[in-house]
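Just so you know, the sequence shown maps onto residues 5 to 392 in my numbering.
Glycine residues also receive a C-beta, built at the ideal position from the N, C-alpha and C atoms.
Remember, it's a predicted structure, so these values are computed and weren't measured experimentally.
Structure first, then comments.
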Amino acid sequence: MRVYLDHAATTPCDTEVIKAMEPYWQVKFGNPSSPHRLGGEAEEAIEQARAQVASLIGAESGEIIFTGSGTASDNLAIKGVAFKWQKRGRHIVTTQIEHPAVLESCRWLEKQNFKVTYLPVDEWGVVQVSDVAQVIREDTILVSIMHGNNEVGSIQPIEQISQLTSERGIYLHVDAVQTGGSIPINVKTLGADLLSLSAHKLYGPKGVGALYLKKGGTLDPWLHGGQQENRWRASTQNVPGIVGFGRAAELVCERIVEDSDRLLILRDKLRDGLLNRIPDIRINGHLTERLPSNVNVSVAGVEGEGMVLHLDAAGIMCSTGSACSAHNLQPSHVLMAMGIRHEIAHGSLRFTLGRSTTEEEIDYVLEVLPAIVEKLRVMSPLVQERVA
Ligand SMILES: *Cc1c(COP(=O)(O)O)cnc(C)c1O
Numbered sequence: 005m006r007v008y009l010d011h012a013a014t015t016p017c018d019t020e021v022i023k024a025m026e027p028y029w030q031v032k033f034g035n036p037s038s039p040h041r042l043g044g045e046a047e048e049a050i051e052q053a054r055a056q057v058a059s060l061i062g063a064e065s066g067e068i069i070f071t072g073s074g075t076a077s078d079n080l081a082i083k084g085v086a087f088k089w090q091k092r093g094r095h096i097v098t099t100q101i102e103h104p105a106v107l108e109s110c111r112w113l114e115k116q117n118f119k120v121t122y123l124p125v126d127e128w129g130v131v132q133v134s135d136v137a138q139v140i141r142e143d144t145i146l147v148s149i150m151h152g153n154n155e156v157g158s159i160q161p162i163e164q165i166s167q168l169t170s171e172r173g174i175y176l177h178v179d180a181v182q183t184g185g186s187i188p189i190n191v192k193t194l195g196a197d198l199l200s201l202s203a204h205k206l207y208g209p210k211g212v213g214a215l216y217l218k219k220g221g222t223l224d225p226w227l228h229g230g231q232q233e234n235r236w237r238a239s240t241q242n243v244p245g246i247v248g249f250g251r252a253a254e255l256v257c258e259r260i261v262e263d264s265d266r267l268l269i270l271r272d273k274l275r276d277g278l279l280n281r282i283p284d285i286r287i288n289g290h291l292t293e294r295l296p297s298n299v300n301v302s303v304a305g306v307e308g309e310g311m312v313l314h315l316d317a318a319g320i321m322c323s324t325g326s327a328c329s330a331h332n333l334q335p336s337h338v339l340m341a342m343g344i345r346h347e348i349a350h351g352s353l354r355f356t357l358g359r360s361t362t363e364e365e366i367d368y369v370l371e372v373l374p375a376i377v378e379k380l381r382v383m384s385p386l387v388q389e390r391v392a
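And the structure:
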């Protein structure tokens, strides 16, 4: 049995997406900036995709900038606003649980003499709106807070935060890469000025992202070159990738309610099953304000890496935290920010469900994992640890 429960790391391309992309490799291969008919065809395809992606988040086509990834969107938003508005102020607010694409962009800006406040979160992995209000200053130009957390799945109170930023004329950037395909998003309701998406997290191809930039908003372009993407992002566009992104966005619009209703049931079955079958286990992240696809647990007395390897041997693919931190053995910065003790954070597992997930797969995990935990606990020097 092969069970993929790592959809927060990436998703497979939908067959419909591959079909939509196919003509743009060899037949309709034109450069969208070219003046001839092949160029025109490619340009038209990009504009259709722009409308499809805009429609996924309640935006207008003109507000969508295609980029090279979710990371590229985050970098463009944060560095672009920082440099554009530095005369007004050099203070940025973000949280301790952001994706590295946001955290490392902010750390780099600190080296360029910007000041960054990294807000803590509560034990559920949620930032407090009152904390945001407290740290905003005269010279704050940007607040960057993610929508859904990629490790523990907690959803942040963006609508309330946007009331604080819009009153004060501060840009609000939202990394919505995890929520893009999994819960309905409306940029107007959220009150975002900038919002990042990535195609490969919503059954589209890898290496394509989008940045929503609210009409009237402005930033400094980050790549210098041609005038593509309304001058916001130089580079010949990845036409097949963008076409795939557009089709993937369209499919999400069609099936998001049905998909998330189904996943919620499976997610809760997995969560309750793990709680019932494994002693000394805790659920990480908010109980209700969370992604329908995410189950994150800490198992006392065992290493997350050990569990991941044993699960992989049984055909079950999941992760300890995020794919990005899988290669270093530091405990997750997200779990640390939530105040979870080191030893407990080390025993963490993230299961993220998706379109292909079935009830049989969940049953299989519930059958296999308790035995793995028992075996590892017998071998572990940490066996005395308790989650409480
Ligand atoms: C995956 C992810 C990113 C990065 O997107 P890429 O397209 O892989 O660069 C950024 N933020 C979050 C929350 C993510 O989950």
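Do residue j and residue i come within 8 Å of each other at the CB atom, strictly closer than that value?
i: T57; j: A253; result: Thr is not the amino acid found at residue 57; the sequence shown has Val there. Taking 8 Å as the Cβ cut-off, V57 and A253 qualify as a contacting pair.
i: V156; j: N35; result: no
i: S302; j: V312; result: no
i: P244; j: W29; result: yes
i: V191; j: G62; result: yes
i: S264; j: I187; result: yes
i: S59; j: K83; result: no
i: G351; j: G305; result: yes
i: F118; j: R141; result: no
i: A214; j: S77; result: yes
i: S239; j: A81; result: no
i: L373; j: L268; result: no
i: V7; j: V369; result: yes
i: V97; j: V139; result: yes
i: K88; j: D224; result: yes
i: A46; j: G250; result: no
i: Y122; j: T144; result: no
i: I165; j: I149; result: yes
i: I287; j: R275; result: yes
At the level of alpha carbons, what is the spacing between residue i and residue j?
i: A12; j: E20; result: 21 Å
i: I260; j: V382; result: 43 Å
i: R237; j: L146; result: 20 Å
i: L217; j: E378; result: 50 Å
i: L107; j: R41; result: 43 Å
i: D10; j: S37; result: 37 Å
i: I366; j: K273; result: 8 Å
i: I22; j: D135; result: 44 Å
i: E363; j: R294; result: 20 Å
i: G380; j: L315; result: In the sequence on display, residue 380 carries Leu and not Gly. Rounded to whole angstroms, L380 to L315 spans 12 Å at the Cα level.
i: K219; j: I68; result: 10 Å
i: L353; j: V181; result: 20 Å
i: A327; j: N154; result: Low local confidence applies: a pLDDT of 49 at A327 is under 50, so the model's placement there is unreliable, and no value is given.
i: N79; j: M25; result: 26 Å
i: G173; j: A137; result: 14 Å
i: V31; j: Q232; result: 22 Å
i: H346; j: S170; result: 38 Å
i: G43; j: R92; result: 41 Å
i: P27; j: E262; result: 30 Å
i: R111; j: C17; result: 33 Å
i: T361; j: M340; result: 30 Å
i: V120; j: E114; result: 7 Å
Measure how close the beta-carbons of residue i and residue j come, nearest whole angstrom, since I'm counting them as under 8 Å.
i: A105; j: T75; result: 4 Å
i: A49; j: V247; result: 5 Å
i: I162; j: L206; result: Not a contact, Cβ separation roughly 19 Å.
i: G358; j: T15; result: 6 Å
i: Q129; j: M342; result: Note that residue 129 is Gly in the sequence shown, not Gln. That pair is a contact at about 5 Å.
Relative to the C-alpha of residue i, which residue among the options is closest?
i: E307; options: H290, M150, S148 and P335; result: P335
i: G230; options: Q241, I140, T222 and G221; result: Q241
i: I344; options: N79, P124 and H151; result: P124
i: Q90; options: V338, Y175, K23 and S200; result: Y175
i: L255; options: E293, G221, N234 and A203; result: A203
i: I348; options: D284, N298, S297 and D316; result: D284
i: M321; options: L291, S297 and F355; result: F355
i: G184; options: L113, P296, G173 and S148; result: P296
i: L291; options: E127, D18 and G43; result: E127
i: R281; options: E371, M25 and V31; result: E371
i: S384; options: M340, G310 and A55; result: G310
i: C257; options: E51, L113, N298 and A55; result: A55
i: Q132; options: I101, E114, N298 and L227; result: I101
Original post:
Which residue spans inside the stretch 345-390 form an unbroken alpha helix (DSSP H) run of at least 4?
Top reply: Secondary structure in the stretch 345-390: the alpha helix (DSSP H) runs of 4 residues or longer, each lying completely within the stretch, are 346-349 and 363-383 in chain order.
Subject >> Sequence ranges, alpha helix (DSSP H) only - wholly within the stretch 175-232, length at least 4 >> reply: 191-194
Subject >> Sequence ranges, alpha helix (DSSP H) only - wholly within the stretch 115-180, length at least 4 >> reply: Taking only runs of at least 4 residues, the alpha helix (DSSP H) segments lying wholly in the stretch 115-180 are 133-139 and 162-172.
Subject >> Minimum length 4: unbroken alpha helix (DSSP H) runs contained in the stretch 232-306 >> reply: You should have 243-281.
**OP:** Scan the stretch 33-72 and note each continuous beta strand (DSSP E) run of 3 residues or more that stays entirely inside, going in chain order.
**Re:** 68-71
Original post:
For ligand 2, which residues count as neighbours when the test is a C-beta closer than 5 Å to any heavy atom?
Top reply: Ligand 2 is not part of this structure, which contains only ligand 1.
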